[in-house]
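Have a look at the structure below before the remarks.
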Amino acid sequence: MSHGRESSGTAVITANAVRKTFGGGSVVAVEDADFTVRKGEFISLVGPSGCGKSTLLRMVAGLLERSSGVLQVHDRDVHGPSRSVAMMFQKPTLLDWRTSIENVLLPTEIAGRVGDDDRRKAMELLDLTGLRDFAFSFPSQLSGGMQQRVALARLLQTGADILLLDEPFGALDEFTREHLNVELMRIVAEVDATTLFVTHNIGEAIYLADRVFVMTPRPGRIAGIVEVPFERPRAPSLQQGAEFNSLVSDVRKIFEGAK
Amino acid sequence: MTETADLGGRAPRSRNRAIAAKHLAIFLALIVSWEIACRFGWLDPLFFPYPSAILVGFWRLYVSQGNIWPHLGLTMAEVLAGFAAGSALGIGLAICVGMVDRLRRYLKPYVIVLEATPRIAIGPVIIAAFGFGWTSKTAIVMLVCFFAPFVNTLNGMVGVEAEKLSMFRSMGANKVQTFTKLLLPSALPEISAGLRLAMASALGGALVAEFIASNAGLGVLITQYTGTLNMTSAFVCVLTLSALGYFIFRGMEALDRIVVFWSDRDRIDAAGRRRKAAWRARMGDRA
C-alpha cells in the first residue's frame with residue numbers, strides 16, 4: 041500500500057458479522073458485515089439505494105441497534121450514541137432560528153455549558169469551512185452548499201474523532217458537490233479524523249477514500265473492498281486518469297459479480 | 013450580507029403615507045355614499061341608520077352617556093381570559109401528548125370527537141352549569157380557543173423532520189433539550205397560527221354566549237338595542253366589535269412576526285446584526 045497514514049493506525053471501528061433485520065427478521069437490511077476501520081482512514085461506502093449503507097452507518101452512530109454481531113468503536117461495544125462519533129445527514133438539518141455560529145455551537149450546548157473557548161473554536165471552524173463572513177447569517181439567508189458547510193462545521197464542533205457522513209452533498213448540484221468534496225478532504229486531513237462517507241456515486245467514493253467498501257443490495261452486504269492508492273492531497277484532475285478509471289471498473293466488476 | 017440587507021427593506025415613509033391617504037379617501041367615499049343612499053331613501057334608515065347618526069351614537073354611548081364601557085370591558089375580559097386559559101390548556105396538553113407517544117394514542121379519539129362536536133352546542137350546557145355571569149362566557153370562550161392551538165402545537169411537534177431528531181439523538185441530547193431546542197421552536201410558527209385562529213373565534217364565541225343567556229356584555233347590548241329598534245346604538249356596538257376584531261388581528265400578526273422572526277426578512281437581518289454586536293461585545297472585535 042502506497043498510502044501510509046492509515047495502514048499503520050490502530051483499529052477504531054471493528055465490525056464482526058454485524059447483521060440488521062427489520063420486520064421481525066423477514067427483511068435483511070445488512071448481512072454479516074465484517075470490517076475494520078483504522079485511525080485516520082477515509083472510508084467510502086458505495087452502493088445503490090437500498091443496499092443498507094445508511095443502515096450500517098446508523099448502527100455505527102448508535103442510532104440503530106444491530107440485530108446480531110459485534111460492533112465496536114474504540115474497543116467498546118456500540119449501544120447508543122457516543123461522544124466520539126458524530127454524524128452528518130443529506131439535509132443540512134440546521135435550526136432556522138439560529139445563526140450559523142449558534143448552529144455550530146449546538147453540540148457544545150447539548151454537552152454542557154458554552155464557554156468563550158468553545159465560541160472561539162466554533163468561529164475557527166466556520167473559518168475552516170469558509171463561512172466566517174456568514175457567521176451571523178440565518179440558514180434561510182444561505183445557499184444549500186453554504187448550509188452544508190455550516191453543518192460540517194457543527195459536525196467538527198462535536199470534537200468527535202469519527203465522522204459519519206450520509207450522502208452529505210447528495211442534494212447539491214454537481215459543481216457545488218465537487219467543490220465541497222475537495223474542501224472535505226482538506227478539512228478531515230486537517231482535523232485528523234476517521235471518516236465513513238456514504239455515497240451512491242462511484243467516482244466520488246474513489247476520489248475521496250483510502251478504501252472503498254462496495255455494498256450490494258438484497259440482502260445488503262459488503263461485496264468487496266477496493267484500495268485507493270493515490271497520494272494526498274488529491275487534485276480533481278486525478279479523476280480523468282487511466283488509473284482512476286481502472287479503479288472505477290474494479291468497483292463496477294464487484295457490482296456485476298454480485299448480480 | 014449586511015450591505016444587501018437594506019435593499020429589501022420596507023417601503024419608504026412617504027409611500028406609506030400615500031397608501032394611507034388612499035385608504036382614507038376610499039373609506040370617506042363609502043361613508044358619503046351610504047349617507048347619500050339614506051337621504052335619497054334607497055336605504056331604510058330604520059334598519060341602516062345615517063352614518064352621521066351613528067357618529068352621534070358613538071358620542072352618546074362612549075362619552076355623554078358612557079354606558080357602553082362596562083359592557084365592552086366585560087366582553088373583553090371574557091375574551092382575553094377565555095383565550096389565555098383555552099390556548100394555554102391547548103398548548104400545554106399538546107406538549108404532553110407530543111412528548112409521550114402512548115398518551116397520543118389514547119387521547120386521539122377524544123380529540124376527534126371534541127373537534128366534531130359544534131362547540132356552540134355545548135354553550136347552553138355550560139351556561140346551565142356555570143350560570144349567567146362571566147364564568148360561563150369565559151368557559152365557552154375557553155372551549156372555542158382550545159382546539160386550534162392544541163392541534164397546531166401537536167402538528168408542529170410531530171412534523172419535525174426525522175433527520176433533525178436523529179441529529180439531536182446522535183449528539184446525545186436528552187428529552188428536555190430536544191424539546192426546548194428543537195421541538196418547541198420548530199412548532200412555534202404553527203403554534204402562532206393556532207393562536208391567531210383561536211383569537212379570531214374568541215370574540216365570536218363570547219358574543220354567541222352572551223346571545224344565549226347573559227345579563228351584561230356587548231352581545232346583550234346588541235340584543236337589547238335591536239329589540240327596541242334602536243339601530244343607531246346597535247350599529248355603534250357592531251362597529252365597535254369590528255374595530256376590536258381588527259386590532260386583535262393586527263396585534264396577533266405583530267406577535268407572530270416577533271415570535272417567528274426567522275420567517276421575516278427585515279427581522280432576520282436585524283436579529284443577525286444584534287447577535288453580531290452581542291458577540292463582538294463579548295469576544296472582542298476579532299469576530
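Chains B and U supply the protein sequences, listed in that same order. So the first sequence is residues 41 to 299, counted in our numbering. So the second sequence is residues 13 to 299, counted in our numbering. Every residue gets a Cβ at the ideal spot worked out from N, C-alpha and C, and that includes glycine.
- At a cut-off of 8 angstroms, the C-beta of Gly-184/U has a neighbouring C-beta in chain B.
- Going by beta carbons, Leu-194/U and His-83/U fall outside the 8 angstroms limit.
- Look at the segment 95-155 of chain B and you find these whole runs of beta strand (DSSP E), each 3 residues long or longer: 108-113 and 125-128.
- Out of Glu-267/B, Leu-248/B, Val-86/B and Leu-205/B, the CA that lies nearest to the CA of His-219/B is found in Leu-248/B.
- Between the C-alpha atoms of Arg-59/B and Thr-76/B there is a straight-line separation of about 15 angstroms.
- In the DSSP assignment, Asp-206/B is bridged to Val-238/B.
- In its chain, beyond the 5 residues on either side, no residue has a beta carbon closer than 6 angstroms to the beta carbon of Gly-171/U.
- Using a C-beta cut-off of 8 angstroms, the segment 144-161 of chain B makes no contact with the segment 67-84 of chain B, since fewer than three inter-stretch Cβ pairs fall below that distance.
- Under the 10 Å beta carbon count, Trp-54/U is surrounded by fewer than 16 other beta carbons and is classified as exposed.
- Asn-186/U has its alpha-carbon roughly 32 angstroms from the corresponding atom of Thr-50/B.
- In this structure, the alpha-carbon of Ser-108/B lies about 13 angstroms from that of Val-100/B.
- For a cut-off of 8 angstroms, the C-beta gap from Gly-135/U to Val-220/U is around 7 angstroms, short enough to register as a contact.
- Straight through space, the alpha carbons of Ile-203/U and Lys-288/U are spaced by roughly 28 angstroms.
- Residue contact check for Met-295/U against chain B: a CB pair falls below 8 angstroms.
- DSSP places Lys-79/B outside any alpha helix (DSSP H), giving it a letter other than H or E.
- Under the Cβ distance rule, Thr-198/B counts among the residues neighbouring chain U, one pair being separated by less than 8 angstroms.
- For Leu-103/B, the nearest beta carbon of chain U is closer than 8 angstroms to its own beta carbon.
- Residues Lys-60, Ala-69 and Val-70 of the same chain have their beta carbon placed closer than 6 angstroms to that of Thr-95/B, with the five preceding and five following residues left out of the count.
- DSSP places Arg-258/B outside both helix and strand once states are collapsed to three, so it counts as coil.
- In this structure Cys-157/U is buried. Its beta-carbon is surrounded by 16 or more other beta-carbon atoms within 10 angstroms.
- With fewer than 16 neighbouring CB atoms inside 10 Å of its own CB, Ser-64/U falls in the exposed class.
- Given a length threshold of 4 residues, each whole run of the alpha helix (DSSP H) inside the segment 154-181 of chain B is given here in chain order: 156-168.
- Val-52/B: member of the beta strand (DSSP E) spanning 51-62, first to last residue.
- Distance from the Cα of Ile-270/U is smallest, within the candidate group Val-91/U, Thr-192/U and Ala-205/U, for Ala-205/U.
- Under the three-state reduction of DSSP output, Val-271/U falls in the helix class.
- Within its own chain, the residues whose Cβ lies closer than 6 angstroms to the Cβ of Gly-98/U, once the five positions on either side in sequence are excluded, are Met-154, Cys-157 and Phe-158, listed in chain order.
- Following the DSSP letters along the chain, one finds Asp-213/B in no alpha helix (DSSP H), marked with neither H nor E.
- Contact with chain B is absent for Arg-269/U, since none of that chain's Cβ atoms lies less than 8 angstroms from the residue's Cβ.
- Short of 6 angstroms from the beta carbon of Ala-193/B, and not among the five residues preceding or following it, lie these beta carbons of its own chain, in chain order: Val-144, Leu-165, Leu-166 and Thr-169.
- For the segment 168-195 of chain U, residues whose beta-carbon sits nearer than 8 angstroms to a beta-carbon of chain B comprise Glu-173, Glu-175, Lys-176, Ser-178, Met-179, Phe-180, Arg-181, Ser-182, Met-183, Gly-184, Ala-185, Gln-189, Lys-193 and Leu-194.
- Proximity to Gly-185/B across Phe-176/B, Leu-196/B and Glu-214/B peaks at Glu-214/B, based on C-alpha coordinates.
- With a cutoff of 8 angstroms on beta-carbon distance, Val-252/B and Val-86/B are scored as near each other.
- Linking Met-128/B to Asp-206/B through their CA atoms gives a straight-line distance of about 6 angstroms.
- Straight-line measurement puts the Cα of Phe-261/U at about 36 angstroms from the Cα of Arg-114/U.
- Under the rule that a run must span 4 or more residues, the alpha helix (DSSP H) segments found entirely inside the segment 193-266 of chain U read 196-224 and 230-239.
- Between Arg-159/B and Met-295/U, the gap from beta carbon to beta carbon is short of 8 angstroms.
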